[in-house]
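Colleague: This structure is in structure tokens; I'll ask about it shortly.
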Amino acid sequence: MRKILFEGLLRHRFTERPAPVGAAPLAELAANVDRVARRRLGRSLSIRQVDAGSCNGCELEIHALNNVFYDLERFGLRFVASPRHADVLLVTGPVTKNMREALEQTYNATPNPKWVIAVGDCAVDGGLFADSYAVSGGVSATVPVDLHIRGCPPSPVQLLEGLLALLQSEETKNRA
Amino acid sequence: MASPHKTLVEGRHVKAQRPWPRVIVTSKNWNYASQELAEGRLILLGLWGDADAVHMALLNEEPFDIAVVTFEITDGTFPSVAAFHPPAIRLERTIRDLFGLEPVGLTDQRPWLDHGRWGLGHPLGSPTPARSGLEPYPFLPSEGGGFHQIPVGPVHAGIIEPGHFRFTANGETVVRLEQRLGYAHKGVESLMLGKDVNRVARLAGRISGDSTVAYATAFAHAVEAALTVKVPPRATWLRALMAELERLANHFGDFGAICNDASFSIMHAQCGMLRERILRAAAASFGHRLMMDCIVPGGVVADLSPDGAVQVRNLLTEIRDLFPKLVDLYDNTASLQDRTVTTGILTAALARQFGAGGYVGRASGRSFDARRAIAYPPYDKLKFDIPVLEEGDVNARVWIRIREIEQSLAMVEQILDQLPAGPIRVDIDPSSTAGTREGLGLVEGFRGDVLVWVRLDGAGAIARCHLRDPSWFQWPLLEAVIEGNIVADFPLCNKSFNCSYSGHDL
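If you read the sequences in order, they're chains A and B.
The first sequence runs contiguously to residue 183 in the numbering used here.
The second sequence runs contiguously to residue 702 in the numbering used here.
Written out as structure tokens, the structure is:
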């Protein structure tokens, strides 16, 4: 094990520079994120991921945010185990009717101020599953959504872009 | 057994199904099949409902044969298979929930996927008003003193799919685990009805995101069998390349995550790096990191790009350099071995009874692998071994993954070396004057064998499609292996199974 750790010290870093944040997520956020709340939280956000019925594709890419290439925690963003510790709910999937109440309870258990990011095409409007008897639609049909990150599934770069937008939105708002 | 099984041939043959026969049987022969399952002479591959029938896919392992037997419903009931053969219990509860067909003899009267929230009952049969109110779900009792219950989920602590686990524990020791699933039920099979093949292929690729290649291939096999379409050789080789990349990505993810659940995060970091490399090579090769929508009935959509081929070769070099060191690290870390060895033992008898596929079955002595048994192209031309172990513990399930990674690396190399030239797709015309046609596909995903059964109507639309995830026969075994283990070892057991929620809930 010592050898592997040592190699890790000598080798070049895998971690990559993030792409600049695009205009679209910033515009959506500027309208949604309150300035006072941003000041209170600083540059640190705790994220609680909720799978409200996805196919697991989005979860795989959210997992990838923690790998050495994207290293989410360097931005002050980290995943937490309880909604009571969270600032942000990262919700995936078309919200199934069987998960709707659990999502509501998770939202209500998250302290204010809080934001909801809907991840993936299904989370926007139900996607391919929208017409089903078992699906209640996108995330915004159940809880208020501050930011949508599209994609099927969105790549870790797209996810990172959306999450960083959440941190940078205040700056943009001041400039506007 | 010398000849194909008796129930596999007796009865009215349905001409339209390919490549394996479907036979309509009497209740006597239906029960006979159930008894043969109970005796262990046949393996249950699937059990699903239809408008006026129930179908059961059966596997005869030696000599290899598959058949679907059908019981036609006349009075809304069918003889329960689960009454003889417990692996069918959840499948029959699902048939009752979705179709309203009553399995006579099934003792478990609780619903399974239907949580009373759909606003209707029996969505695939004759829809009825929803069950009145939200009745509490009665979990099975545990008798004795000093027990406490630990409810977990449906929202879990990590980045995990939704499901509920109800533990009954005596101190640290788990006395009983009962799962309640269905939270991710999206009504996929109902969404497929009447849709065209291409749209349904997209849905099939989203049954379980980690197995999108396996599902898309199984669906394509089923449709191609129904239409007797011959796929160009290059397409089958590219499908296999995608399938082995998918297997590698998932096995690396699991290997790291199992170690991480024993707080051994260095392995998680190293495996996460390799997994990311695989996904990037997949994106460079086929245009999508998980290779979604790359496989369609008739072939594949994206050809291997020259840059992709180079990246995959580089990937092989990198993995072969690092992976043996990681395996050594796993094998020589006593604190890690302490957590995985003898933890969560699945007996060979249970694995066989449930027909458990993938690493779950192969770590407990069951060697079935659709790539070998059916040898669909190009696996008839590839050289590979199927690793099998007998111990059945978490450690064995890790080692099966390690060995399968080695096999997949070898197969990827063979595919790159031998990839035939030529077209990658043929046009298919699903409409026909011949009326309905049916097909069955069985494909080895990373988790085990994925079954897809499809019926096309004369216009070429989907008249019925059923998709059975390997997890159906693995979830119940997880309940069995955790018994007598400590609560803290559940994450290890669970991750070593890595069952699909979405694939199961549909």
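From the three backbone atoms N, C-alpha and C, an ideal C-beta is built for every residue, glycine too.
Please list the terminal residues of the continuous alpha helix (DSSP H) segment that includes B:LEU444.
Modeller: 429-456
Colleague: What separation, rounded to the nearest whole angstrom, lies between the Cα atoms of B:ARG643 and A:LEU52?
Modeller: Each residue's Cα considered, the two are about 35 angstroms apart.
Colleague: Going by DSSP, what residues sit across from A:ALA125 in a beta bridge?
Modeller: Answer by DSSP bridge pairing, in chain order: A:VAL98, A:HIS155.
Colleague: So B:VAL219 and B:VAL250 are in contact, right, with Cβ under 8 angstroms, and what is the actual spacing, rounded?
Modeller: So it is not a contact: roughly 13 angstroms between Cβ atoms.
Colleague: The alpha helix (DSSP H) spanning B:ASN225 covers which residue range?
Modeller: 223-234
Colleague: Chain A beta carbons: is any one of them nearer than 9 angstroms to that of B:GLY641?
Modeller: Not closer than 9 angstroms to any Cβ of chain A, the Cβ of B:GLY641 fails to qualify, so no.
Colleague: Check distances from the C-beta atoms of the stretch 48-65 of chain A to those of chain B and list, in chain order, the residues that come in under 9 angstroms.
Modeller: ARG55, GLN56, VAL57, ASP58, ALA59, GLY60, SER61, CYS62, ASN63, GLY64, CYS65
Colleague: Less than 9 angstroms between CB atoms is the rule here; does A:HIS19 satisfy it with respect to chain B?
Modeller: no
Colleague: Are B:PHE519 and B:LEU470 touching if we call contact CB-CB under 9 angstroms?
Modeller: yes
Colleague: What is the DSSP secondary structure of B:THR266, counted as helix, strand or coil?
Modeller: strand
Colleague: Would B:PRO626 and B:LEU423 be called neighbours here (beta carbons separated by less than 9 angstroms)?
Modeller: yes
Colleague: Residues in the same chain with beta-carbon distance under 7 angstroms from B:PRO666, minus the five sequence neighbours each way, listed in chain order, please.
Modeller: GLY553, GLY554, GLY641, ARG643, GLY644, ASP645, VAL646
Colleague: Under 8 angstroms: do the stretch 506-522 of chain B and the stretch 552-571 of chain B share three or more Cβ pairs, one atom per stretch?
Modeller: At 8 angstroms Cβ cutoff, the stretches do not touch.
Colleague: Whole angstroms is fine: what's the gap from A:PRO161's alpha carbon to A:LEU173's?
Modeller: CA-CA distance, A:PRO161 to A:LEU173, rounds to 16 angstroms.
Colleague: Compare the beta carbon distance of B:VAL396 and B:ILE624 with 9 angstroms and say whether it is the shorter of the two.
Modeller: no
Colleague: Hey, out of B:LEU585, B:ILE541, B:SER628, whose CA is closest to B:ILE682's CA?
Modeller: With distances taken between CA atoms, B:ILE682 lies nearest to B:ILE541 out of B:LEU585, B:ILE541, B:SER628.
Colleague: Short of 7 angstroms in beta carbon distance, which residues of its chain neighbour B:PHE550, apart from the five on each side in sequence? Order them along the chain.
Modeller: PRO283, PHE669, PRO672, LEU673
Colleague: Which one of B:GLU235, B:ASN366, B:HIS381 has the shortest CA to CA distance from A:ASN105?
Modeller: B:HIS381
Colleague: Taking buried to mean at least 16 other C-beta atoms within 10 Å of its own C-beta, is B:ASN256 buried or exposed?
Modeller: buried
Colleague: Identify each residue in the stretch 379-392 of chain B for which the Cβ-Cβ distance to at least one residue of chain E is less than 8 angstroms, and report them in chain order.
Modeller: You won't find chain E in this structure, because its protein chains are A and B.
Colleague: DSSP beta-bridge partners for B:LEU652?
Modeller: B:ARG633, B:ILE658
Colleague: Since B:PHE267 contacts B:TRP226 with CB under 8 angstroms, what's their CB separation in whole angstroms?
Modeller: 5 angstroms
Colleague: Tell me which residue opens and which closes the alpha helix (DSSP H) that A:GLU108 is part of.
Modeller: 107-116
Colleague: Can the beta-carbon of B:TRP433 be found less than 9 angstroms from the beta-carbon of B:LEU377?
Modeller: It is not a contact, given that the beta carbons lie outside the stated cut-off.
Colleague: Any idea which residues DSSP pairs B:ALA249 with across the strands?
Modeller: B:GLU268
Colleague: When you check each C-beta in the stretch 216-234 of chain B against every C-beta of chain A, which residues fall closer than 7 angstroms?
Modeller: If you check each beta-carbon in the stretch 216-234 of chain B against every beta-carbon of chain A, none falls closer than 7 angstroms.
Colleague: Is there at least one Cβ from chain A nearer than 9 angstroms to B:GLY449's Cβ?
Modeller: So yes, B:GLY449 belongs to the interface.
Colleague: If the criterion is Cβ atoms closer than 9 angstroms, does the pair B:SER760 and B:ASP406 meet it?
Modeller: This structure leaves residue 760 of chain B out entirely; chain B is present only between 197 and 702.
Colleague: With distances taken from CA atoms, which of A:HIS92, A:VAL57, A:THR22 is nearest A:VAL164?
Modeller: A:THR22
Colleague: Write down the C-beta distance between B:VAL393 and B:MET438 rounded to the nearest angstrom, noting that I regard them as a contact closer than 8 angstroms.
Modeller: Actually they do not touch by this definition, with Cβ atoms about 19 angstroms apart.
Colleague: Beta-carbon separation of B:ALA421 and B:ARG621 under 9 angstroms?
Modeller: It is not a contact, given that the beta carbons lie outside the stated cut-off.
Colleague: Tell me the DSSP secondary structure of B:PHE693 in three-state form.
Modeller: Helix, per DSSP.
Colleague: What in chain B is Cβ-close to A:VAL142, meaning under 8 angstroms?
Modeller: Going along chain B in sequence order, the residues near A:VAL142 (Cβ under 8 angstroms) are LYS382, GLY383.
Colleague: Helix, strand or coil: which one does DSSP assign to B:GLN375?
Modeller: strand
Colleague: CB-CB under 6 angstroms to B:LEU287, same chain, minus the five flanking residues each way: which ones, in chain order?
Modeller: LEU243
Colleague: Using a threshold of 9 angstroms, state whether the C-beta atoms of B:PHE451 and B:ARG597 are closer than that.
Modeller: yes
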